[in-house]
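Participant: Here the sequence shown is numbered in the working numbering, starting from -10 and rising by one per residue.
Sharing a structure, written as structure tokens. Questions coming.
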Amino acid sequence: METLLQTEGVDVAYGKRRILHKISMNLSRGEKVLLIGPNGAGKTTLLKTVIGLLSPGNGAVNYLGEDITHASVRTRVRKGISYLLQTENIVPGLTVEENLALGGYFLTREELEKQMNMVLDAMEFLKPKLKTRAGLMSGGERQGLALSMVLMRNPKVLLLDEPSAGLAPKAAKKIIERLDKIQATFQVEMVCMVEHNLKLALKWATEVILLVQGRVVLVSDSPQDFVQKPEELEKYFFGV
Ligand SMILES: Nc1ncnc2c1ncn2[C@@H]1O[C@H](COP(=O)(O)OP(=O)(O)OP(=O)(O)O)[C@@H](O)[C@H]1O
Ligand SMILES: [Mg+2]
């Protein structure tokens, strides 16, 4: 399968503290990649590096064979890479409609309208809430809105950082089960998701990457093998 997104020997530090150590990964077209690991392993740091919010000290990030290591976030988004932040991913004081418009901030007026209709068809629960202040909605609805804002950018590659974080089990299930439909509707070519909800996410994924203390310790293209026994993966979390 064709490699879409690649990191090559990526090192990332906050100040003097090195968080990621020589991360090399190939994410191919058509893959649904699940990125897992214990708290503080560096999952968010890795996604932020791919989207360009952080710069690697060493190594490179390539997209469709092009070196984008030093490209701005804006350039990467225009090229089709989109990122759902783990926290603060909506503006609570704005309405649903205003948040969606913010998600598509660089679209022309016509594009914005077309994309908003498409997003609302896929996320039908937002339709009656367009004039509602986002902060007044439930956690599940807010995460649905956050994902919708990312979809406003018409992404080819979706990077999702814990889309079900903080949600009740039912809402978490809904959002993960919705992903396949979203991917088909928006013709998303690759999704890389961080998720702690292993049972649900392993069923969804085609590849799983395990990160521990800033290093890739396991890559498997048969996540299904772990569905019945997620503890097989969890044991790596603590290095036993
Ligand atoms: N802005 C920052 N400044 C300094 N250190 C940071 C910063 N953000 C994260 N870190 C540190 O970097 C390490 C990796 O953090 P990161 O958020 O990438 O982990 P994570 O795998 O996403 O964890 P979680 O599962 O809790 O979201 C942690 O030790 C964290 O304390
Ligand atoms: Mg994180």
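Beta carbons are placed, not taken as given, at the ideal position from N, Cα and C, and that holds for glycine.
Would you check whether ligand 1 has a heavy atom nearer than 7 Å to the C-beta of T34?
Facilitator: yes
Participant: Between which residues of its own chain and R67 is the CB-CB distance below 8 Å, once the five residues before and five after are set aside?
Facilitator: F95
Participant: Could you pull the DSSP bridge partners for Q(-5) from this structure?
Facilitator: As computed with DSSP, Q(-5) is found in a beta bridge with N15 and N51.
Participant: Heavy atom of ligand 2 less than 7 Å from the Cβ of V183, yes or no?
Facilitator: yes
Participant: Could you give the residue range of the beta strand (DSSP E) that holds I70?
Facilitator: I70 to L73
Participant: Assuming G128 contacts A160 under a Cβ cut-off of 8 Å, what Cβ separation, rounded to an integer in Å, is found between them?
Facilitator: 7 Å
Participant: When you compare only the Cα positions, how much space is there between A236 and P219?
Facilitator: Given that the chain is displayed from residue -10 to residue 229, the structure contains no residue 236 and the question cannot be resolved.
Participant: What number of angstroms, rounded off, separates the C-alpha of L24 from the C-alpha of T34?
Facilitator: Rounded to the nearest angstrom, the two C-alpha atoms are 12 Å apart.
Participant: Let me check understanding here. Comparing Cα to Cα, which of L101, V(-1) and K145 lies closest to N47?
Facilitator: V(-1)
Participant: Taking I198 as part of the beta strand (DSSP E), name the residues at either end of that continuous run.
Facilitator: E196 to V201
Participant: L200 and A30 - do their beta-carbons sit closer together than 8 Å?
Facilitator: yes
Participant: Grab the span of the beta strand (DSSP E) containing D150 for me, first residue to last.
Facilitator: V146 to D150
Participant: Relative to the C-alpha of C181, which candidate in L16, M(-10) and E(-3) has its C-alpha closest?
Facilitator: L16
Participant: Below 8 Å, how does it come out for the segment 113 to 127 and the segment 139 to 150: are there three or more Cβ pairs, yes or no?
Facilitator: No, they do not touch.
Participant: Would you verify that the beta carbon of S13 is, or is not, closer than 8 Å to some beta carbon of chain D?
Facilitator: Of the protein chains in this structure there is only one, and it is not chain D.
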